[in-house]
Amino acid sequence: MAQGTKLGFYLLLTPLVLWLGLLIIIPHIDMALLSLRERVGVGEYATSLANYRGFFGEPIYMWTFLRTAMMSMLATVVTLIIAFPVSYYIAKIAKGRVQSVLFLLCLVPFWVSELVRTFGWMILLRETGLFSSLLQWTGLADGPVEMLYNDVAMMVGLVYTSMLFMVVPLVTMLESLDDAVIEAGYDLGGSGASVLREIVIPHAMPGIVSGSIVVFMLSLGNYLTPTMLGGKDSLWFTELIYSQFIVRFNWELGAAFGFMLLILSSLIVWVTLRLTGQTLEKTMGS
Amino acid sequence: MIPSIPRPRAVRLIYNAYVALFFFYLALPLAVVAVFAFNDSQFPSLPWEGFTWNWFFGDERPMIGVFHDRSILRSIGTSALVGVCVAGLSVAVGTANAFLFNRYQFRGRSVLYVLMLLPLVIPGIVLGISILVFSSTVANGLWDRVGYDAEILRPGLVLVVLGQFSFVTTITTLVISARLQKFDRTLEEAALNLGADRLTAIRTITLPYLAPALIGAGVVAFLMSFENFNTTLMLVGSDAPLTITMFDRLKEGSTPLLNAVSLLLMVGSSLLALVMIAFQRR
Amino acid sequence: MTPDLECQGLTKQFDETTAVRGVSFSVAPGSFFSILGPSGCGKTTIMRMIAGFLEPTDGDIRIKGKSMLNVAPNKRPVNMVFQHLALFPMMNVADNIGYGLRRKGLGKSEIARKVGEVLDRIGLPGIETRKPDELSGGQKQRVAIARCMVLEPDVLLLDEPLGALDLKLRERMKIELKSLQAEFDTTFVYITHDQSEALVMSDQIAVMNAGQFEQVGSARDLYYRPKTAFVAGFVGDSNRWRGTVERVDGNRIALRTADGMLIAGATQGAPLATGSAAEIFLRPEAVRVAQDAADLAHFDNRLRGEVSSLLFNGAASRILVRGESGPEIEVTLPQSGEFANLTKGAPVHIGWSGDQTACFAAGS
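Residue numbers (our numbering), protein chains in the order written: chain F, -8 to 277; chain Y, 13 to 294; chain P, 399 to 762.
Next up, the structure:
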């Protein structure tokens, strides 16, 4: 029996180790090594920090990097602000059938490819798009209005794409808050604002953190939305990675870029977890 | 602000209006995509030129419908194949993981658990390039040492499947674990008590209990694979899955053909989602 | 003296059903008032209307003479101990208790002082920094009460707070709650479906059924002088028979059960007419047991039978007695121990006074 369970243990452990080892850990180590390689001649390489020097030395790279980080944070905050009242409505105000229907409606865009969602916004926002036609028809504009290819359009797209990942953890967390606890807050003299600040938000914190982390990650790593909706001069960091790998075929620099993106995302996730006193297991593992 | 706390009418109205506006925002792009699939025009935009089915069934230029567009049809097939492979692999590995974390206490368990969650916080594009880099290293190594050209390690469907599998497995593990945690282990003990051996007990009692989660995880994995873009973009070879084909078309300029494909995608995934919900309900 | 709490014609209608129907009562200052009723009788609805979480369809709620109808729940001078206590899980004990004080805008040091004081009064000094989930069931209970009492409300509402506790602790908390109420000298309004909780703690009890109060009175009144069949059946244990009234003489009646037994009884509430259908309630402890029929000569109901079951339960031991005809009768054994050796099948005589029964017109 004990031998049987031991065998079972190793049988179950093997796929996990293969998966994590061959597809996650070793590839990332390999990528890190590649980023530390400098081509010194035809087929000759040396270990150096040249790629990272290249990254820090070129203002456009740094600028894009920081811009991507800031915009992703902004997208996260905007998503949180928009999603919180809606999640609260679904979790605490809607009841019965309405509640489950609203929740399902939130999931619908997720079942549709990001490409389709982005395409939808293009149809709405572009020069010949719906909004432009609407503005002309109402007389608010005399000619076609281009609303695509700018930061606002990109932000709309980013927020739209990641909305679900904020709503679901928030609804789950808020639903687990007993109505009686909110009532107790009012009963003891609390107002809407103080109940929200002292009871609802602290309770929803794990949901807020996990939602924010996922949304931030999705925005940071997004390629499609910035490419399709963003302007020519609003480069996204993933576009740099793509162009180094696929267009310029400079894998060494591309790997360094990829590694920078990874460090940035890990750092921000870690700081967020630290600041809010959460752990990855608690926020993601549920 | 729950129904039992009295609120002024105005506040309630504004709140309801906000929520309605939110759902309008949510539905708008999808509705627009769907509607323009039927526009009898070369462009998915106003003016409305009349209703047509041509973007689905048309077989003459300039209006070749989805069902007559070879490359679209082929890429749908490719996506489906990739999706099935990813779903099968990730559900199998996810089930093993769920059992491992649920049934065994061992050293390094918590470290492995965090590692298991890691793919959730790695940007998809980074996952893609790291696998691309590693597989090329291996392929180049093989070529240099033994002179063997490992075709399957070059960008192509195998790498796409592996790339998607690498993060979808985290999701399936979590879904299956959640259900396994709710399983009452005395049921298994009862089966052992009634004369089943360990594997039979798992096969006849535990797995049927897990079935809704397995199917749910499979559907989610399939859909995630089908609509994945970032990881796929870095690993794709000559056979492009649907999202990549659509992306290339979209860059060239859009026709309502893309709306038609999108509408079919929406219908397809809604149906799958409904099937899954029906299974969870049982 | 103005009552602390007064409800007048309180009615609550939910879509189709009327949960509370024209209930009126008043609670004297400093008293312990319970509403006792089966689940679904509308008692929680009354409590939530008093707290302000439900709006009455009709009627008025006055606290210290002031109508509460258009007062928001956070502005009412009542506080509530919730069924599952609703302690804030994200705050420690001090922050839980200090929550209401912070809302009143008190200074930090004053809040700390008041929290310390109230923890002393509930006998849990020094637990300020603990989290609710580190407390035992009884401690949580006391913290939930302290959280309300620190605000010095006019009325404290308690919504079945003992329901979640295990039996032993529940027994202890009953006594503790009563002494806490005396300690704080505040009006308590307590709702429960557990009669022993209500009987032990309350000064006044309202028995509620199907949205209405059946009877309001002291525990003793309810037990010995039930006004309705529902109260007689709900409060305490009873032998209960149906029959037809054969004779009426003032409040004394004679009733014949379906299987032909003639019982002398007394009406407690409304008089009964000859020939009408009636129900009779008889407490097990009102029945005397004897070995010799002569000992029971002074009772107007006498019966010979044999012991069909022994229900040993320490001081509350009972037997079931079956007569020649008629149903089994539950009888409490005297605590003197003279019947300790009774065996199943033994012949016994039983008897009781018709004055100790309660008869009501049989409901539908």
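Idealized CB from N, CA, C, for every residue including glycine.
**Request:** Just grab the DSSP bridge partners of Phe480 (chain P) for me.
**Result:** Here residue 480 (chain P) corresponds to residue number 82 of the third sequence, with the count starting at 1. P:Leu483.
**Asked** Just curious, the alpha helix (DSSP H) that His194 (chain F) is in, first and last residue?
**Response** Taking the first residue of the first sequence as 1, we reach residue 194 (chain F) at position 203. Run containing His194 (chain F): Ile192 to Leu211, per the alpha helix (DSSP H) assignment.
**Request:** Using beta-carbon positions only, say whether Asp557 (chain P) and Ile589 (chain P) come within less than 7 Å of one another.
**Result:** Walking along the third sequence from the start, residue 557 (chain P) turns up at place 159. Walking along the third sequence from the start, residue 589 (chain P) turns up at place 191. Going by C-beta atoms, Asp557 (chain P) is nearer than 7 Å to Ile589 (chain P).
**Prompt:** Can you tell which of P:Ala627, P:Asp647 and P:Val633 has its C-alpha closest to the C-alpha of Arg640 (chain P)?
**Reply:** Translated into positions along the third sequence, residue 640 (chain P) becomes position 242. Checking every option, the nearest Cα to that of Arg640 (chain P) belongs to P:Ala627.
**Request:** Kindly say whether Leu42 (chain Y), judged by its beta-carbon, lies nearer than 7 Å to any beta-carbon of chain F.
**Result:** As a working note, residue 42 (chain Y) is residue 30 in the second sequence. By this cut-off, Leu42 (chain Y) is an interface position.
**Limits of the beta strand (DSSP E) - the one that Tyr36 (chain F) falls within** = In the first sequence, the residue the question calls residue 36 (chain F) occupies position 45. Here the beta strand (DSSP E) through Tyr36 (chain F) covers Glu35 to Thr38.
**Prompt:** When the Cα atoms are used, what is the spatial distance from Ile14 (chain Y) to Val89 (chain F)?
**Reply:** The residue labelled residue 14 (chain Y) in the question sits at position 2 within the second sequence. The residue labelled residue 89 (chain F) in the question sits at position 98 within the first sequence. Cα to Cα, the separation comes out at about 15 Å.
**Asked** With a Cβ-Cβ cutoff of 7 Å, do Ile459 (chain P) and Asp552 (chain P) count as a contact?
**Response** Locating residue 459 (chain P) in the third sequence gives position 61, counting from the first residue. Locating residue 552 (chain P) in the third sequence gives position 154, counting from the first residue. Taking 7 Å as the Cβ cut-off, Ile459 (chain P) and Asp552 (chain P) do not qualify as a contacting pair.
**Asked** Would Asp619 (chain P) pass as a contact of Gly428 (chain P) if the rule is Cβ separation under 7 Å?
**Response** Within the third sequence, the letter at position 221 stands for residue 619 (chain P). Within the third sequence, the letter at position 30 stands for residue 428 (chain P). No. Outside cutoff.
**Asked** Of the residues that make up the region 497 to 515 of chain P, which ones have a beta carbon closer than 7 Å to any beta carbon in chain F?
**Response** Tyr497, Gly498, Arg501 and Lys502
**Message:** Quick check on Tyr233 (chain F): buried or exposed, where buried means 16 or more other Cβ atoms within 10 Å of its Cβ?
**Reply:** Here residue 233 (chain F) refers to the residue found at position 242 when the first sequence is read from its first residue. Burial call: buried.
**Request:** With 7 Å as the threshold, decide whether the Cβ of Ser762 (chain P) is near any Cβ in chain F.
**Result:** Your numbering for residue 762 (chain P) matches position 364 in the third sequence. Residue placement at Ser762 (chain P) is poorly supported in this model, since its pLDDT is 47, which falls under 50; the coordinates still yield a value, given next. False, the Cβ-Cβ gap to chain F never drops below 7 Å.
**chain F contact for Asp413 (chain P) (CB, 7 Å cutoff)** = The sequence position of residue 413 (chain P) within the third sequence is 15, counting from 1. Not closer than 7 Å to any Cβ of chain F, the Cβ of Asp413 (chain P) fails to qualify, so no.
**Request:** Indicate whether Val136 (chain F) and Ser123 (chain F) have their beta-carbon atoms separated by less than 7 Å.
**Result:** Residue numbering aside, residue 136 (chain F) sits at position 145 when the first sequence is read from its first letter. Residue numbering aside, residue 123 (chain F) sits at position 132 when the first sequence is read from its first letter. Yes, the pair counts as a contact, with Cβ atoms nearer than the cut-off.
**Message:** Give me the DSSP bridge partner(s) of Gly703 (chain P).
**Reply:** Here residue 703 (chain P) corresponds to residue number 305 of the third sequence, with the count starting at 1. BP columns for Gly703 (chain P) point to P:Gly721 and P:Val746.
**Item:** Same chain, Cβ closer than 6 Å to Ala596 (chain P), five either side skipped, listed in chain order
**Value:** Position 198 of the third sequence, counted from the first residue, corresponds to residue 596 (chain P). If we look at Ala596 (chain P) and ignore the five residues flanking it on each side, its Cβ neighbours are Ser432, Leu434, Thr590 and Ile603.
**Asked** Three or more C-beta pairs closer than 8 Å, one from the region 476 to 490 of chain P and one from the region 170 to 180 of chain F: is that the case here?
**Response** yes
**Item:** Residues, ordered as in the chain, of the region 441 to 474 of chain P that lie near chain F by beta-carbon distance below 7 Å
**Value:** Ala449, Phe451, Pro471 and Asn472
**Request:** Following the continuous alpha helix (DSSP H) through Thr741 (chain P), name the residue where it begins and the one where it ends.
**Result:** Counting from one through the third sequence, the residue named residue 741 (chain P) turns up at place 343. From DSSP, Thr741 (chain P) is part of no alpha helix (DSSP H); its letter is neither H nor E.
**Item:** Outcome for Ser201 (chain F) when other beta-carbon atoms lying within 10 angstroms are tallied against a minimum of 16
**Value:** Counting from 1 along the first sequence, the entry for residue 201 (chain F) is found at position 210. Counting Cβ neighbours within 10 Å, Ser201 (chain F) comes out buried, since at least 16 surround it.
**Asked** Since Val719 (chain P) and Gly743 (chain P) are thought to touch, with beta carbons under 8 Å apart, how far apart are those beta carbons, to the nearest angstrom?
**Response** For the purposes of this step, residue 719 (chain P) is taken as residue 321 along the third sequence, with counting starting at 1. For the purposes of this step, residue 743 (chain P) is taken as residue 345 along the third sequence, with counting starting at 1. Between Gly743 (chain P) and Val719 (chain P) the Cβ distance is about 11 Å, and since that is not below 8 Å, they are no contact.
**Ser762 (chain P) - DSSP class collapsed to helix/strand/coil** = Within the third sequence, numbered from 1, the residue matching residue 762 (chain P) stands at position 364. Note that Ser762 (chain P) has pLDDT 47, beneath the 50 cutoff, so the model's placement of it is unreliable and no number is given.
**Prompt:** If you follow the alpha helix (DSSP H) that Glu404 (chain P) is part of, which residue opens it and which one closes it?
**Reply:** What you label residue 404 (chain P) is simply residue 6 of the third sequence in a count that begins at 1. Element bounds for Glu404 (chain P): not the alpha helix (DSSP H) but the beta strand (DSSP E), Leu403 to Phe412.
**Asked** How many angstroms separate the CA atom of Ala60 (chain F) from the CA atom of Leu211 (chain F)?
**Response** Position 69 of the first sequence, counted from the start, is the residue given in the question as residue 60 (chain F). Position 220 of the first sequence, counted from the start, is the residue given in the question as residue 211 (chain F). Rounded to the nearest angstrom, the two C-alpha atoms are 7 Å apart.
**Prompt:** Cα separation between Ile543 (chain P) and Ile495 (chain P)?
**Reply:** Locating residue 543 (chain P) in the third sequence gives position 145, counting from the first residue. Locating residue 495 (chain P) in the third sequence gives position 97, counting from the first residue. Using only the alpha carbons, I get a separation of about 9 Å.
**Request:** Look at the Cβ atom of Thr257 (chain Y), then the Cβ atom of Ser87 (chain Y), and state whether they are nearer than 7 Å.
**Result:** The count along the second sequence starts at 1 and reaches residue 257 (chain Y) at position 245. The count along the second sequence starts at 1 and reaches residue 87 (chain Y) at position 75. Yes; because the gap between Cβ atoms is below 7 Å, this pair is in contact.
**Request:** Alpha carbon to alpha carbon, how far is Leu186 (chain Y) from Ser122 (chain Y)? Give it in angstroms, no decimals.
**Result:** If you number the second sequence from 1, residue 122 (chain Y) lands on position 110. If you number the second sequence from 1, residue 186 (chain Y) lands on position 174. Between Ser122 (chain Y) and Leu186 (chain Y), the C-alpha separation is close to 15 Å.
**Item:** Length of the line joining the Cα atoms of Ser189 (chain Y) and Arg157 (chain Y)
**Value:** Within the second sequence, residue 189 (chain Y) is the residue found at index 177, counting from 1. Within the second sequence, residue 157 (chain Y) is the residue found at index 145, counting from 1. Rounded to the nearest angstrom, the two C-alpha atoms are 43 Å apart.
**Request:** Return the chain-ordered list of same chain residues with a C-beta closer than 6 Å to the C-beta of Phe63 (chain Y), the five sequence neighbours on each side being excluded.
**Result:** Residue 63 (chain Y) sits at position 51 when you count from the first residue of the second sequence. Same-chain partners within the cutoff: Phe50.
**Request:** Would you please verify whether the beta carbon of Met(-8) (chain F) is less than 7 Å from any beta carbon of chain P?
**Result:** Within the first sequence, the letter at position 1 stands for residue -8 (chain F). Here the model assigns Met(-8) (chain F) a pLDDT of 41, short of 50, so the residue's position is not dependable, and the following value carries that caveat. Output row for Met(-8) (chain F): interface = no.
**Request:** Please look up how many angstroms separate the CB atoms of Phe241 (chain Y) and Glu230 (chain F), rounded, as I've assumed it's under 8 Å.
**Result:** Here residue 241 (chain Y) corresponds to residue number 229 of the second sequence, with the count starting at 1. Here residue 230 (chain F) corresponds to residue number 239 of the first sequence, with the count starting at 1. Not a contact, Cβ separation roughly 13 Å.
**Residue from F:Trp261, F:Met219, F:Phe248 and F:Leu226 with nearest C-alpha to Glu264 (chain Y)** = As a first step, residue 264 (chain Y) must be located in the second sequence, where it is residue number 252. When only C-alpha atoms are compared, the closest one is F:Met219.
**Message:** So Pro6 (chain F) contacts chain Y; which residues on that side make the cut at Cβ distance below 7 Å?
**Reply:** Start at 1 with the first residue of the first sequence, and residue 6 (chain F) comes out as number 15. The contacting residues are Val105 and Ala108.
**Message:** Assuming the contact rule is C-beta atoms closer than 8 Å, Val138 (chain Y) and Gly249 (chain F) should be a hit. Round their C-beta distance to whole Å, please.
**Reply:** The residue given as residue 138 (chain Y) occupies position 126 in the second sequence. The residue given as residue 249 (chain F) occupies position 258 in the first sequence. So it is a contact: roughly 5 Å between Cβ atoms.
**Prompt:** Regarding Leu58 (chain Y) and the ligand NAP, is the C-beta to nearest heavy atom distance less than 6 Å?
**Reply:** The ligand NAP is absent from the structure shown, which contains no ligands of any kind.
**Message:** Taking the straight line between their C-alpha atoms, what separation do you get for Val172 (chain Y) and Thr255 (chain Y)?
**Reply:** The sequence position of residue 172 (chain Y) within the second sequence is 160, counting from 1. The sequence position of residue 255 (chain Y) within the second sequence is 243, counting from 1. Distance between the alpha carbons of Val172 (chain Y) and Thr255 (chain Y): 12 Å.
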